[in-house]
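Residue numbers for the sequence shown follow the numbering used here, beginning at 3 and rising by one. Structure record follows, encoded as structure tokens.
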Amino acid sequence: MKTDILNPFVKGLADGADEALHADAKLMKTPSVEPDVGMFLEFLTYTLKPEKILELGCGIGVSTRYMQKGAPYAHITALDYNKSRLDYAHQNCTGIDFVFADVIDFMKRQSEKYDMIFVDSMKKQYPMILYYALKKLKPGGVIVFDDILMYGHVFSQDCEVPDKYIEVVRTLRNFIARVKVEHRHCILPIGSGVLLIYGEK
Ligand SMILES: C[S@@+](CC[C@H](N)C(=O)[O-])C[C@H]1O[C@@H](n2cnc3c(N)ncnc32)[C@H](O)[C@@H]1O
């Protein structure tokens, strides 16, 4: 897989990552952003200076805390429908609005607008999430999707993709193809791939 060629080097550069956060994820046996993605989120929030951030699928809050480190003054709303992960995140981060909700339901019933939206929930829902997230984004805001390259499987031949990923990989390939023609965007080969979409003014 193409990203495997690059990732060991990129990961080696993530020396400023917060090891305690990743130790938490390991201890809790929960998926979380890779250290290089965490550092990128901290850098991005530091430079964008968003007032309001929406996080869709916060898990135990590793990515949440990176974003909070970059923008400590920002109002962050972080969602997950896994109660025990959300409770853990709540206990370990202060000053965040944690919401127990399904990401699509929440976006459908909420009228708030955000400067930045970070998405790390179910990958097969990414196309639908983009549809609703664009409505929740302030002009000039940014949507960030994690795991967009699915460990590099989006570049593989179908026969090389493990069965459990084939459906989601096809969804992500179509999603990327559409984003490429419809949105100002950028894909970074860090972690398992990060997609940034700019919300036109
Ligand atoms: C990869 S984990 C997020 C890890 C987090 N970014 C971190 O770094 O700690 C994905 C999370 O999304 C949540 N999730 C998936 N689909 C969801 C949905 N439709 N609504 C709410 N949460 C969802 C899962 O419960 C899971 O905790």
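For every residue, glycine included, the Cβ atom is placed at its ideal position computed from N, Cα and C.
Alpha-carbon to alpha-carbon, residue j and residue i
i	j	result
M130	G18	34 angstroms
D38	D160	28 angstroms
Q127	L151	15 angstroms
H155	K138	30 angstroms
E36	S194	8 angstroms
Y68	K115	21 angstroms
I189	E202	17 angstroms
E184	Y134	15 angstroms
A180	V64	For the sequence presented, residue 180 should be read as Arg rather than Ala. Roughly 29 angstroms separates the two Cα atoms.
Y75	I55	11 angstroms
Assigned exposure category for residue i - 16 Cβ within 10 Å defines buried
i	result
D149	buried
R186	exposed
P141	exposed
I48	Here residue 48 is Tyr; the residue named in the question, Ile, does not match the sequence. Flag for Y48 reads exposed.
S34	buried
F147	buried
G72	buried
V105	buried
Q93	exposed
Three-state secondary structure (DSSP) of residue i
i	result
P141	strand
M3	Residue confidence is low: M3 scores 45 on pLDDT, short of 50, so the model does not pin down where it sits. No coordinate-derived value is stated.
H226	Since the displayed the chain opens at 3 and closes at 203, residue 226 lies outside it and no answer follows.
L190	strand
L43	helix
H77	strand
V170	helix
D99	strand
L151	coil
Per DSSP, cross-strand counterpart(s) of residue i
i	result
M118	I55, V144
L88	Bridge partners of L88: none, in fact.
Y200	V144
D82	F102
- [ ] Spell out a yes or no on whether the region 117 to 129 and the region 47 to 67 are touching, meaning 3 or more CB-CB pairs, one atom from each, closer than 8 angstroms.
- [x] The region 117 to 129, when compared against the region 47 to 67, does touch it at the 8 angstroms Cβ threshold.
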